[in-house]
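Read through the structure below, which is laid out as structure tokens, and then see the notes.
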Amino acid sequence: MLKNPFREIDNKNRKNSSDLLKKTADFNKIVNQRMKVMIIVVLCFFIAIGVKLFNVQILENEDYIVKLEAFTRKQQVVTPPRGEMVDRNGNVLVSNKESLNITYYPPSNVSSYSESKWALAKQFAQVFQIKEDTITERDWKDFYLVAADNYGNDLLTEEELDKALRGELTTNEVYRIKINRVTQADIDRICLEELTEAQKNAGYLSNADKRIAWPVMILMEKATSQDSSVIVENASKEDVAYLVEHKEEFPGFDVTADWIRNYEYGSTLRDVLGSVSTRGLDEISKDYYLAQGYALNERVGSSGLELQYEDYLRGTRTVQNISYDEESGIAIFSPSTVGRKGYNLKLTVDIELQQKVDEILQRVLEREKDNEYRKNFKKAFVILMNPQNGEIITMNGQQRNEDGTFTPYASGNYLEAQPSGSVVKLATLYMGLNEGVVQPNEIIVDAPMVFGSGASRLVKQSAENKGAINDITAIAKSSNVYMFHIAIRLAGGVYVPNAPLYLPDMTAYDIFRKYYQMFGLGLETGIDVPKEEIGFISTAREQGTLLDFAIGQYDSYTPLQLIQYVATVGNGGYRVQPHFLKEVYEINSDESVIYQYDTNVLNTVSGNLDYLERVKQGMRECVSTTFCGSGFKNLNKDIAAKTGTAELNTEVIRTNSAVVGFAPSNNPTISFVCMAPDSNNDRSQINICLEIMNDVLTEYYKTYE
1 MLKNPFREID NKNRKNSSDL LKKTADFNKI VNQRMKVMII VVLCFFIAIG VKLFNVQILE
61 NEDYIVKLEA FTRKQQVVTP PRGEMVDRNG NVLVSNKESL NITYYPPSNV SSYSESKWAL
121 AKQFAQVFQI KEDTITERDW KDFYLVAADN YGNDLLTEEE LDKALRGELT TNEVYRIKIN
181 RVTQADIDRI CLEELTEAQK NAGYLSNADK RIAWPVMILM EKATSQDSSV IVENASKEDV
241 AYLVEHKEEF PGFDVTADWI RNYEYGSTLR DVLGSVSTRG LDEISKDYYL AQGYALNERV
301 GSSGLELQYE DYLRGTRTVQ NISYDEESGI AIFSPSTVGR KGYNLKLTVD IELQQKVDEI
361 LQRVLEREKD NEYRKNFKKA FVILMNPQNG EIITMNGQQR NEDGTFTPYA SGNYLEAQPS
421 GSVVKLATLY MGLNEGVVQP NEIIVDAPMV FGSGASRLVK QSAENKGAIN DITAIAKSSN
481 VYMFHIAIRL AGGVYVPNAP LYLPDMTAYD IFRKYYQMFG LGLETGIDVP KEEIGFISTA
541 REQGTLLDFA IGQYDSYTPL QLIQYVATVG NGGYRVQPHF LKEVYEINSD ESVIYQYDTN
601 VLNTVSGNLD YLERVKQGMR ECVSTTFCGS GFKNLNKDIA AKTGTAELNT EVIRTNSAVV
661 GFAPSNNPTI SFVCMAPDSN NDRSQINICL EIMNDVLTEY YKTYE
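Going letter by letter, the sequence shown gives residues 1 to 705 in full-length UniProt numbering.
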């Protein structure tokens, strides 16, 4: 029942009932007034509707037509060519090479997993010789779930099936259970099943035929209403010509111009440069990229610098409108938005020097393979970096395989950590001087230190007795004993020959850690790659392990951490972020710089930096007196260096070799590190990194004199 809008007025008029009884109500007048008000209200309502319709149909007609088309049309995104990468001298490292792909976009009248689609997939697989090994083991498990009569429900227990029916197990959980239980025997079994006569008469394919079709079918099913799917990437000229001539036999298939990534220097620095996905977004990263606005068929950087700088390299997408031929239902593509190629990256590396250093590592590893005292020596790492701004000049890693081939492993410089030995003594001495537990020029006799007696007797010493030495000579001659005294004093202990080792203040471990981290040891370096390791950070806090801490036998570090560490010593106490990117610039115009990587100082070393000069003086003396080997001295360059040998925790003697340094010793322009894991199984062998770095620096000075 309608509510009387005049009820309130009527009630007010009747407040004094006696007055109303004396008057004769003019009901016609009242009704006429109400009708007039209602007519005005209705008229205003229709006028408002009319104005709105006029705006929609006349004034805003074109806008709404555009919105309707945008809502109803289908579009496909095409990935533009990625930006290139060049080295510091302009040599092209990564480019794009034109290619032709065979793609599939489903016609409007084809449904998922239909028999006609299976038949087309089989035909394509046979004509274009698509083999079973082109897809993964996981893909074949999916084949079982698709082809089996019961969709793989036989793989579930009765309890699991009941839970699935009651909704206690999600679809994804059920799928994972099935996938984990599919075996090759299951796949082979269903492919032996024969069709019934009714199925044969209806034109069904057997599972054996579907097995032939599956490597193509699984790719065809990845095509969506917005994205075509690449079936054959970088197709041969013969395959392209055949498809073009017989296109009517393969509805939905087409040849599209595309690009593939070309790494101009082959495997050189390849693991650092990274790679790009070949068939759109993978299952692991799909959700992330879809949330960022990517399309399923877009290729993205999947590792290395390709992944790290995806936003610069990706460019702007090309968008195509999709319509269908009325007779055949085949999709027709027309350009909507033209994309733009990605920005180019200029890197800090010198690719020609990179190749020369790789050759040096390969030559040394090949020569030493028959040395019985280096039988475990199978890989080596080298980094050259500008200590002032963190630019990586070369990053090298080579691994010798059992068959005599070599695998580039430059990324091992930031993904693999090793005990590094005496190279950490630079930080240990600075800590000792700054904490006041040793004084500049303080003499300590380097002789075996004996703790305890009898069965508990422990002897700690240097590789050989150094005699009376001061702080500078302790670095030059790599004295373990000098560093042991620093550790004992820092922990509040006193060395008494033949007395048990007693360190009352174990917070010395925290002090060690604080100083080491100021130089970058035990921290991420911040290098511009997707992932880096920080090494093993020991948690043991025993009396004796503090002495091991002081000489590099406690934690493990990556070569990248070591070069950041020694660069911090060389540049006067600034921990600089290492990086590969130099600048980002527009296509065909290195003048138009979009972004330039500025030097980033992560922290500065606190304390009296005069003590850092004494550390550097010890490194210079190591080279000038040939304690660091004769190779550096023969270069006739102002080089500061420190060697390191770390014993591995094995029953037989096995050691890592390392060298760190910089040049010139004041205001250095280059810092270096060499790490040779498991390079010695006999103490008679020299530090192999001395030879490696002598050859590397010889090549370096040929270019950067």
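We put the CB at the ideal spot given by N, CA and C, even for glycine.
Pair within 7 Å by beta-carbon distance, residue i and residue j
i           : j      : result
Val216      : Phe124 : yes
Ser665      : Ala640 : yes
Thr348      : Ile383 : no
Val255      : Leu120 : no
Lys178      : Leu161 : no
Lys141      : Val182 : yes
Lys122      : Ile212 : yes
Asp446      : Ser411 : no
residue 730 : Ile102 : In this structure the chain extends from 1 to 705, so residue 730 is not present and cannot be described.
Val423      : Lys616 : no
Asn396      : Asp358 : yes
Tyr269      : Gly83  : Contrary to the premise, residue 269 reads as Leu rather than Tyr in this sequence. Cβ atoms of Leu269 and Gly83: not closer than 7 Å.
Gly573      : Val601 : no
Pro668      : Gly570 : yes
Val364      : Ile692 : yes
Ile486      : Tyr495 : no
Beta bridge counterpart(s) of residue i as assigned by DSSP
i      : result
Thr103 : Val230 and Asp254
Gly520 : DSSP lists no partner for Gly520.
Gly661 : Ala641 and Phe672
Val459 : Val450
Trp259 : Glu98
Gly467 : Asp446
Met85  : Val94 and Leu345
Ala646 : Asn656
Glu583 : Lys346 and Gln596
Val576 : Val601
Asn680 : Thr655
Tyr557 : Gln418
Val51  : Val51 pairs with nothing; no bridge assigned.
Residues of its chain near residue i, where Cβ-Cβ distance is below 7 Å and the 5 sequence neighbours each way are ignored
i      : result
Arg541 : Met506 and Tyr509
Asn401 : Thr407
Asp695 : Ile360
Pro559 : Phe381, Ile383, Asn413, Val673 and Met675
Pro497 : Val450
Glu245 : none
Arg340 : Pro80, Gly315 and Thr316
Glu310 : Val300 and Gly301
Ile594 : Tyr343, Val584, Tyr585 and Glu586
Lys477 : Lys466, Ile469 and Phe627
Proximal residues to residue i (C-beta, below 6 Å), its chain only, five neighbours per side dropped
i      : result
Gly493 : Tyr502 and Leu503
Glu193 : Asn207
Pro106 : Ala223 and Gly252
Ala474 : Tyr482
Ile130 : Pro215 and Val216
Same chain, Cβ closer than 8 Å to residue i, five either side skipped, listed in chain order
i      : result
Phe536 : Ala417, Asp555 and Ser556
Tyr373 : Asn680, Asn681, Asp682, Ser684 and Gln685
Thr698 : Leu635
Arg654 : Asn376, Glu647, Leu648, Asp678, Asn680 and Asn681
Gly522 : Arg513, Tyr516, Ile534, Gly535, Ile537, Asp555, Tyr557 and Gln561
Ala499 : Phe451 and Gly452
Leu305 : Met85, Val272, Leu273, Gly274, Leu345, Leu347, Asp528, Val529, Phe580 and Leu581
Tyr289 : Leu281, Glu298 and Val300
Pairs of beta-carbons, one from the region 542 to 559 and one from the region 414 to 434, closer than 8 Å: are there three or more? yes
What residue ranges within the region 264 to 316 form continuous beta strand (DSSP E) runs of no fewer than 3 residues, ordered along the chain? 301 to 303
Only counting runs of 3 or more residues, tell me where the beta strand (DSSP E) segments fall wholly within the region 351 to 402, in order along the chain. 379 to 385 and 392 to 400
Uninterrupted beta strand (DSSP E) stretches inside the region 402 to 450 (no shorter than 3 residues): 406 to 408 and 444 to 446
What runs of the alpha helix (DSSP H), each 4 residues or longer, lie entirely inside the region 129 to 165? 137 to 147 and 158 to 165
Does the region 625 to 632 come within contact of the region 595 to 612, defined as at least 3 CB pairs closer than 8 Å? no
Which runs of the alpha helix (DSSP H) at least 4 residues long sit entirely within the region 159 to 203? Give them in chain order. 171 to 181, 184 to 190 and 197 to 201
Counting pairs of beta carbons, one from the region 423 to 438 and one from the region 577 to 587, are three or more of them closer than 8 Å? no
Between the region 106 to 119 and the region 192 to 209, can you find at least three pairs of beta-carbon atoms closer than 8 Å? yes
Under 8 Å, with one C-beta from each stretch per pair, do the region 129 to 140 and the region 249 to 269 reach the 3-pair mark? no
Give the list of continuous alpha helix (DSSP H) stretches no shorter than 4 residues that lie fully inside the region 470 to 523. 471 to 476, 480 to 490 and 508 to 518
Length-filtered (3 minimum) beta strand (DSSP E) runs lying within the region 588 to 622: 589 to 596 and 601 to 604
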